[in-house]
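Residues 262 to 484 (the numbering used here) are what the sequence shown spells out, left to right.
We put the CB at the ideal spot given by N, CA and C, even for glycine.
A quick write-up on the structure given underneath.
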Amino acid sequence: MANELFAAIKGGDTKAVERLLDIDRGLVEARDETGLSPLLAALYRGRNDIAMAIQRRGPKLTVFEAAAVGDLARVRDLVERERAQANAVSPDGYTPLGLAAFFKRSDVAAYLVDRGADPRAASRQGGFTPLHSAVATDAAPTDVELVRRLLDAGADPNARSESGGTPLHTTAFTGDRTSMELLLECGGDASIKNEQGKTAADIARERGHSEIARLLEDRLTQR
Numbered sequence: 262m263a264n265e266l267f268a269a270i271k272g273g274d275t276k277a278v279e280r281l282l283d284i285d286r287g288l289v290e291a292r293d294e295t296g297l298s299p300l301l302a303a304l305y306r307g308r309n310d311i312a313m314a315i316q317r318r319g320p321k322l323t324v325f326e327a328a329a330v331g332d333l334a335r336v337r338d339l340v341e342r343e344r345a346q347a348n349a350v351s352p353d354g355y356t357p358l359g360l361a362a363f364f365k366r367s368d369v370a371a372y373l374v375d376r377g378a379d380p381r382a383a384s385r386q387g388g389f390t391p392l393h394s395a396v397a398t399d400a401a402p403t404d405v406e407l408v409r410r411l412l413d414a415g416a417d418p419n420a421r422s423e424s425g426g427t428p429l430h431t432t433a434f435t436g437d438r439t440s441m442e443l444l445l446e447c448g449g450d451a452s453i454k455n456e457q458g459k460t461a462a463d464i465a466r467e468r469g470h471s472e473i474a475r476l477l478e479d480r481l482t483q484r
């Protein structure tokens, strides 16, 4: 039945998910072949309605799930009991701080940083740091104060993912001028090229963010 549940989540079938969970509430603790929980599977697909349906069934949240949904009390409880939880790595390769940053759970991220979470730790898949995740807009709009907090904590503005992209490349892609300017202010290098040989300015041009592209190009001429 677990396979059926994950298939329903993947298909975005909220009613099927609820039906399966009502038949067997223990399914909230199921894991797929990669170790991913139903809750994280729903959140990764942007299905907050399904995530809420799962949460209503009272799963015992791991530190990763708690960070992703913004349950600060649960994160605090787990980390205070075992400090190593602040830098634990999920089955799919992310730290709690990386997940909090991706889902823009600023209070959770702040707590984790205060408890020693590494702001430079890269995910095992993709090589994304919490700063990459903080400026990504897949799950939610950027919170510039979260970006600033990570930078203040020592996050590397020039960290490169497996594809060679820096947080500047991400802001160029999304058109996030505020975060881009903050990254530049904190040492972001606009000359870095990704594995495709493209600078952040190149990405901005491709995405139609002409003003951002000009700002990045101006930064290059000032070097």
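query: Can you tell me where the alpha helix (DSSP H) with I284 in it begins and where it stops?; result: T275 to I284
query: Taking C-beta to C-beta, are I284 and L300 nearer than 8 Å?; result: no
query: Should A383 be labelled buried (16 or more other beta-carbon atoms within 10 Å of its own) or exposed?; result: buried
query: Would you say the region 418 to 430 touches the region 450 to 459, given that touching needs at least three Cβ pairs under 8 Å?; result: yes
query: Please report how far the alpha carbon of R211 lies from the alpha carbon of D310, in whole angstroms.; result: Examination of residue 211 is not possible in this model, given that the chain is present from 262 through 484 alone.
query: Give the range of the alpha helix (DSSP H) segment to which D437 is assigned.; result: Careful: D437 lies outside any alpha helix (DSSP H) and carries neither H nor E.
query: Suppose you measure from the CA of G272 to the CA of Y305; what does that come to, to the nearest Å?; result: 13 Å
query: If you follow the alpha helix (DSSP H) that I453 is in, where does it begin and where does it stop?; result: No alpha helix (DSSP H) holds I453; DSSP gives it neither H nor E.
query: Helix, strand or coil: how does DSSP classify K365 here?; result: coil
query: Return the first residue and the last residue of the alpha helix (DSSP H) that E478 is part of.; result: S471 to T482
query: Roughly how many whole angstroms lie between the Cα atoms of S424 and A414?; result: 24 Å
query: Where in the region 401 to 436 do unbroken runs of the alpha helix (DSSP H), each at least 4 residues long, occur, reported from the N-terminal end onward?; result: 405 to 413 and 428 to 435
query: Could you tell me which of E406, S298 and A371 sits nearest to A268, measuring between CA atoms?; result: S298
query: Would you mind giving the Cβ-Cβ distance between A370 and R410, rounded to the nearest angstrom? I have them listed as a contact below 8 Å.; result: 7 Å
query: Using C-beta distances below 7 Å, list every residue in its chain close to G426, excluding the 5 sequence neighbours before and after it, in chain order.; result: N455
query: What do you reckon, are the CB atoms on L339 and V324 nearer than 8 Å?; result: yes
query: Confirm, please, whether the CB-CB distance from L443 to V405 is below 8 Å.; result: yes
query: Nearest to Q386 by alpha carbon, out of G359, T439 and M313?; result: G359
query: Leaving out the 5 sequence neighbours to the left and right, which residues in its chain are closer than 7 Å to A277 when beta-carbon positions are compared?; result: A269
query: Would you mind stating whether S422 and T432 have Cβ atoms separated by less than 8 Å?; result: no
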